[in-house]
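If you're matching positions, the sequence shown starts at 48 in our numbering and goes up one per residue.
We put the beta carbon where it would ideally sit given N, CA and C, even for glycine.
Let me begin by presenting the structure, written as structure tokens, before commenting on it.
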Amino acid sequence: MKTLENRVIAVTGGAGGIARGIAQAVLEAGGRVGLIDLDLAKADQAAVAQDAGDRVAAFAADVTEPAGLEVAFAALVKRMGRLDGLVNNAGIVRLGPADETSPAGLDLELAINVKGVLLASQIAARHFSGKGAIVNIASNAGKVGYRNMAGYNASKAAVISLTRSLSMEWVDKGINVNAVCPGGVATDMLKNVADFLGPRLGQDSGELLKTMVPQQLGRHIQPVEVGRVVAFLLSDAAEIIRGQSINVDGGDTPY
Ligand SMILES: NC(=O)c1ccc[n+]([C@@H]2O[C@H](COP(=O)([O-])OP(=O)(O)OC[C@H]3O[C@@H](n4cnc5c(N)ncnc54)[C@H](O)[C@@H]3O)[C@@H](O)[C@H]2O)c1
48 MKTLENRVIA VTGGAGGIAR GIAQAVLEAG GRVGLIDLDL AKADQAAVAQ DAGDRVAAFA
108 ADVTEPAGLE VAFAALVKRM GRLDGLVNNA GIVRLGPADE TSPAGLDLEL AINVKGVLLA
168 SQIAARHFSG KGAIVNIASN AGKVGYRNMA GYNASKAAVI SLTRSLSMEW VDKGINVNAV
228 CPGGVATDML KNVADFLGPR LGQDSGELLK TMVPQQLGRH IQPVEVGRVV AFLLSDAAEI
288 IRGQSINVDG GDTPY
């Protein structure tokens, strides 16, 4: 079903693993995608990999820098003609014990994972062509929390809270705001977590990565599986779902 026919969706962190699955799912639903990333070369590659011609384009911006983000969104709207949705997907995880978390490291993690979500949402909201939809990529880490990523856990809890706040405040603008909470998705980010934890647990990182799967599912989640839920939340059919943070972690998180 072409539930996003001709709609233009901006995806931040657009060169990353989950973003590629989101782009694929939006394209399947008939939409068009603007990939915004710090790394323009990688975002260009991600756009080309979709093999969808001018239905996908890449733009450079750091989500923590409002001026650059404004330029990127203006360029996206000029090139693609309109803007209907935003996926706040850019994010980093910094690994280490809580008592070693540095102020600068925490600032960076909160700037990208939280401030970046608010800034991109504010700018996108001004550009939406009609009704708009925003989907934030939070994490089950924002609900359950994991060891060695205290800052990340806090940042994703903040994204869940921001999702509720924006949903309440922006209903009058015709904007629907939801989030998804993935876990165990096969991307570089998950591999980096295994590479960090492996030596500390005395385990081979590759073997550890194989075990980092949702318990009930027994396998890693693929980016496009997250993407298809995101594409649904961007569609009109999701109008009755508002301010929610929906787990897409194979059943690991029961609330
Ligand atoms: N992989 C998982 O299992 C998992 C689980 C839960 C949540 N998430 C969340 O999903 C999102 C995507 O993660 P992923 O696994 O695809 O990671 P990834 O590392 O593959 O992609 C992240 C992308 O964000 C970009 N980025 C980083 N800082 C940026 C900035 N300041 N401005 C613009 N772009 C920036 C990077 O260049 C990269 O392309 C993140 O928000 C992450 O926290 C991932």
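Following the DSSP letters along the chain, one finds G128 in no alpha helix (DSSP H), marked with neither H nor E. Annotated three-state conformation of S292 is strand, per DSSP.
Nearest to L165 by C-alpha distance, out of E147, R141, A151, E216, is E216.
In the DSSP assignment, A180 forms a beta bridge with G132, N223. For F106, DSSP records a beta bridge to I83.
F120 and L209 have their C-alpha atoms spaced approximately 21 Å apart. Taking 8 Å as the cut-off, one finds at least one heavy atom of ligand 1 near enough to the beta carbon of D235. Judged by DSSP secondary structure, A278 falls within the alpha helix (DSSP H) whose first and last residues are 270-281. By DSSP's assignment, P229 forms a beta bridge with V295. Burial state of K190 is buried, judged by a 10 Å Cβ sphere holding 16 or more other Cβ atoms.
The criterion of a C-beta distance shorter than 9 Å is satisfied by A93 and L82. A137 sits away from D91, with the two beta carbons spaced by 9 Å or more. Counting along the chain, T258 sits inside the alpha helix (DSSP H) bounded by residues 252-258. Annotation: G100 to P246 spans about 43 Å, alpha carbon to alpha carbon. In this model, K125 and S176 are separated by some 12 Å (Cα to Cα). Sorting P270, E75, G63, R67 by C-alpha distance to the C-alpha of L51 places E75 at the top. Membership of A57 in the beta strand (DSSP E) is indicated by the continuous run 55-59.
Under the 10 Å beta carbon count, E156 is surrounded by 16 or more other beta carbons and is classified as buried. For S149, no alpha helix (DSSP H) segment is defined, and its DSSP state is neither H nor E. Straight-line measurement puts the Cα of V232 at about 11 Å from the Cα of G274. S212 places its beta carbon 9 Å or farther from that of N225. Look at T300: its beta carbon is at least 8 Å from all of the heavy atoms in ligand 1.
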